[in-house]
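What follows is a short report on a single structure.
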Amino acid sequence: MSQSETPEERFPDVLFYNASLTEVQENVTIGPGTRVGSMTIIHKNASIGSGTTIGSHCNICECVIGDNVSIQTGCHITRGVTVEDDVFIGPQVVTLNDKLKGGPMVYPYIERGAKIGGGSRILPGVRVGANAVVGAGSVVTRDVPPGALVVGNPARVRSDGQDRQAQKSP
Ligand SMILES: CC(C)(COP(=O)(O)OP(=O)(O)OC[C@H]1O[C@@H](n2cnc3c(N)ncnc32)[C@H](O)[C@@H]1OP(=O)(O)O)[C@@H](O)C(=O)NCCC(=O)NCCS
1 MSQSETPEER FPDVLFYNAS LTEVQENVTI GPGTRVGSMT IIHKNASIGS
51 GTTIGSHCNI CECVIGDNVS IQTGCHITRG VTVEDDVFIG PQVVTLNDKL
101 KGGPMVYPYI ERGAKIGGGS RILPGVRVGA NAVVGAGSVV TRDVPPGALV
151 VGNPARVRSD GQDRQAQKSP
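Here the UniProt record's numbering is used: the first residue of the sequence shown is 1, the next is one more, and so on.
This is the structure:
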């Protein structure tokens with residue numbers, strides 16, 4: 001990457017809302033059709049899929065983000081996180097990777113189709129299961145089963161998701 005290349009020149013298939021206000025470091029991959037907001041930093045070695053939206057004021061560290069993901073304004077996606085395809089992450093969500101107990105870093109993993117409510121905190125090493133829903137403002141300290149709805153601090157399962165499945169069925 002040449003120092004003079006703008007993000008738009010490096011990624012012609014990506015829409016930058018304001019490329020002059022976006023920092024994209026070296027060795028980043030971004031798929032076609034992805035959109036990136038203003039004042040967002042994408043750190044080196046991050047991998048972002050196609051058709052994904054990264055909002056403004058986000059801090060995207062070295063992580064893996066899939067296709068058709070939506071990450072809203074002001075999120076911190078920390079190093080080592082995996083976000084699978086079709087995940088929705090509301091505004092001001094913070095992911096964490098260091099328990100501050102002197103052990104190794106452990107990385108959140110968000111499975112396909114999960115929805116994370118605005119302002120939630122996903123603690124180190126937590127796995128959010130496929131199609132799970134995390135209520136706004138939750139502090140998620142334990143793994144969330146696939147399809148479950150969790151809310152609160154600490155987040156607890158409020159529903160196993162069978163009711164939402166039943167609503168969808170004819
Ligand atoms: C969790 C959620 C899906 C529940 O929706 P719901 O089933 O319609 O819930 P209700 O509004 O009927 O509330 C049911 C109960 O859960 C509580 N509750 C709802 N959301 C909560 C939350 N995020 N945290 C803690 N408790 C919550 C309500 O206070 C209520 O408690 P009560 O029965 O003691 O009064 C929803 O409240 C939520 O947080 N959605 C995420 C919104 C968001 O972040 N969007 C991002 C894009 S803008």
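Yeah, the Cβ is synthetic: ideal placement off N, Cα and C, and Gly gets one too.
Give the DSSP-derived three-state secondary structure of residue i in the structure shown.
i: K44; result: coil
i: R164; result: helix
i: L96; result: coil
i: R121; result: strand
i: E62; result: coil
i: R79; result: coil
i: E23; result: strand
Among all the DSSP beta bridges, which residues are the ones paired with residue i?
i: F88; result: S70, K115
i: T29; result: S47
i: N18; result: Answer is none; N18 lacks a bridge partner.
i: V36; result: F16, I54
i: Y107; result: Beta-bridge pairing links Y107 to no other residue.
Which residue wins for smallest C-alpha separation from residue i, given the options the options?
i: G118; options: V139, V36, V157, G102; result: V139
i: V151; options: D163, I116, P124; result: I116
i: F88; options: S70, L100, V94; result: S70
i: D13; options: S50, S20, D86; result: S50
i: V128; options: P32, V94, P146; result: P146
i: G125; options: V28, G80, K44; result: G80
What is the C-beta distance between residue i and residue j, in whole angstroms, given that I count them as a contact (C-beta under 8 Å)?
i: R148; j: A132; result: It should be noted that the sequence gives Ala, not Arg, for residue 148. Contact flag correct, Cβ pair sits at about 5 Å.
Quick check on the DSSP output: what are the complete beta strand (DSSP E) runs of length 3 or more inside the stretch 123-162, in order along the chain? 149-151, 156-159
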